[in-house]
Each structure stands twice: as C-alpha cells, then as structure tokens.
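Notes follow the structure.
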Ligand SMILES: [Mg+2]
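In the numbering used here, the protein residues as written are 219 to 510.
Here you go:
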C-alpha cells in the first residue's frame with residue numbers, strides 16, 4: 219500500500235481545502251494507509267513541505283488547495299520519486315480536473331487510494347516548473363488584477379470585474395515568437411501554452427491538448443475589438459474559441475517569446491514578470507495520480 223502526504227492550503231478556496239481535512243482523515247484512517255496531513259503557513263511553504271515529504275519517502279504527495287498549491291507542490295517534487303496528486307480544494311482546480319479527480323471528497327479519497335499513476339509531460343519557463351498551463355498577455359493581466367484583489371468582489375465575480383477592467387486598460391505588446399520554424403512577429407491579445415487544456419477555472423484555451431504527447435499546445439490569439447471579445451469570450455469554456463480566425467493553434471516542443479517590454483505571465487495561479495520567456499518540455503517528466 220502506498221503512503222500519502224497531504225499538503226493543505228488552509229486559505230485556498232476561502233477555506234474549502236481546510237474544510238475537507240475531516241473527510242480525508244476519516245477515509246484514510248478506515249483504509250489503513252499511511253498518511254500525514256500538513257497545513258501550509260504562507261506563500262511558497264508548500265514547495266519546501268513537498269520536497270521534505272518526498273525526501274522522507276512518501277509515495278504520493280497530495281495538493282489540497284487550488285492550482286497555485288498544485289504548482290508549489292509540483293516544484294517541490296520535481297526530481298524525486300514521489301507522484302503528484304491534487305484534490306478540488308481551491309477556486310481554480312484545473313489540474314485536478316485535467317487528471318479526472320472526482321469533485322466529491324469521498325470519491326476523491328477512493329481514487330487516491332486506488333493510486334492510478336501515469337507519467338505526463340512537464341513544462342518549464344522562467345526557471346519554474348508547470349504541469350498544466352501558462353498564459354501571457356490579456357489573460358495574465360486579468361489574473362494579476364484578481365490576485366491583487368478587486369474588493370469587494372470574490373470568486374467568479376472578481377474574474378468578471380477584472381476581465382472588464384482589463385478590457386478597457388489592456389494594451390497589447392509586440393512579441394517575437396520562435397517555435398523553431400518561421401519567426402512570428404505579432405501583437406497578440408494573448409499566448410497560451412498548455413500541457414492540459416484549461417486554465418483560470420475551466421477556460422479551455424487549448425482544448426485539444428494531450429498531456430503526454432511530448433508537445434505543448436499553443437494558442438496565439440490575435441487582437442479583436444472589445445465588443446467582439448465580450449461576445450466571443452464565453453466560447454473559451456466550451457473550447458470553441460479555437461474556431462475563430464483570431465485563434466492560431468500550434469503544437470511544439472519548445473517556444474520562445476521575446477516581448478518588447480516586461481509583462482506578467484500567469485502560471486497555475488502564480489504570477490511572474492519577464493520580457494523573455496523560454497518554454498521547454500520534458501516528455502513524461504512527472505508522475506501524477508489520475509482519478510480514473
Ligand atoms: Mg501535449
């Protein structure tokens with residue numbers, strides 16, 4: 219039987235992850251599996267906790283939080299023998315969704331105990347690993363506004379508010395995009411790079427992405443009028459945004475973005491800034507636990 223280390227972000231999802239502790243303890247005590255729970259104390263703490271758990275020899279490290287927690291746990295685990303798992307515990311749970319983890323906590327615990335482990339591709343940019351998706355441009359501007367807080371709005375309404383605010387303030391930036399073929403010079407609205415299909419809580423920006431094909435799915439989305447963007451934006455949830463002429467879809471193992479000025483990049487709930495972003499992929503570089 220496998221051993222489990224849970225990293226719980228107590229503030230994720232407005233306390234959602236913390237509220238799951240009782241159910242996790244109940245399920246795992248009954249199972250007889252070896253497990254340990256740890257609550258994070260602040261930003262970046264999950265990286266160290268995950269690295270420590272891997273060093274202690276835990277087989278599976280479970281991120282109990284949102285995508286930001288998953289990203290920290292991932293960065294603590296890379297290079298170890300431990301597998302990454304995630305339960306729906308935050309506002310954005312795109313990775314948990316990508317690995318088909320059940321939303322119900324009791325079902326999720328059963329899936330964890332079944333421990334269906336497979337290797338999927340591992341991405342890296344700005345010296346940080348990612349396992350699902352990254353965006354640069356308008357989407358990152360929205361994420362940045364949400365992260366900084368748009369009181370009194372919370373959750374989905376915070377995203378909607380930030381979306382409209384960004385809609386009127388966002389200025390595109392010139393980019394040279396190098397995927398090892400003809401250099402693309404453009405001023406896109408956004409560039410998304412995905413191993414999984416979705417970010418931002420279910421926005422399927424690269425809906426055909428396959429997690430273990432050794433390639434990133436890339437969407438270079440060109441600018442459109444504000445009105446058109448408001449009209450077409452909801453299509454991102456069904457994956458239909460890719461059918462618009464503004465959406466240019468690619469598959470590549472490597473991509474370099476050179477921006478004319480420093481801009482934010484959003485990676486699984488975390489924000490970084492740079493004007494040069496070099497994405498590399500390690501095929502099947504990370505062991506992850508699937509819900510099915
Ligand atoms: Mg892929």
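C-beta: ideal position from N, C-alpha, C; glycine also.
ask   = Should residue 431 be counted as a contact of ligand 1 given a C-beta to heavy atom distance under 6 Å?
value = yes
* Asked: How should residue 498 be labelled, buried or exposed, when 16 other C-beta atoms within 10 angstroms of its C-beta is the threshold for buried?
  -> exposed
Nearest-angstrom beta carbon gap, residue 472 and residue 393 [assumed within contact, 8 Å]: Not a contact, Cβ separation roughly 16 Å.
What's the gap between the Cα of residue 414 and the Cα of residue 369? 30 Å
- Message: Please report the distance separating the alpha-carbon of residue 483 from that of residue 255.
- Response: 31 Å
- 4 or more residues per run - each alpha helix (DSSP H) lying fully within the stretch 242-311: 263-273 and 285-295
**Asked** Which residue from 302, 223, 443 and 424 puts its Cα closest to that of residue 258?
**Response** 223
Beta carbon of residue 506 nearer than 7 Å to that of residue 338
yes
The alpha helix (DSSP H) with residue 413 in it runs from where to where? Element bounds for residue 413: n/a, residue is neither H nor E.
Practice item. Check whether the Cβ of residue 428 lies closer than 6 Å to any heavy atom of ligand 1, and answer yes or no. Key: yes
Report the rounded CA-to-CA distance for residue 384 versus residue 408, giving the unit in angstroms. 13 Å
Note to self: Would you say the beta carbon of residue 421 is closer than 6 Å to some non-hydrogen atom of ligand 2?
What the structure shows: Looking at this structure, you won't find ligand 2 anywhere; what it does contain is ligand 1.
Comparing C-alpha positions only, which one of 386, 299, 493 and 468 sits nearest to residue 447? 386
Next item on the list: Following the continuous beta strand (DSSP E) through residue 317, name the residue where it begins and the one where it ends.
Entry: First-last for residue 317: undefined, no H or E at that position.
Could you round the C-beta distance between residue 271 and residue 300 to whole angstroms and report it? I think they count as a contact, below 8 Å.
7 Å
Could you compute how far the alpha carbon of residue 289 sits from the alpha carbon of residue 298? 15 Å
Task: Own chain, CB closer than 6 Å to residue 390, minus 5 neighbours either side, in chain order - done: 405 and 441
**OP:** Within the same chain, show all residues whose beta-carbon is closer than 7 Å to that of residue 502, passing over the 5 residues directly before and after it, in chain order.
**Re:** 337, 338, 339 and 430
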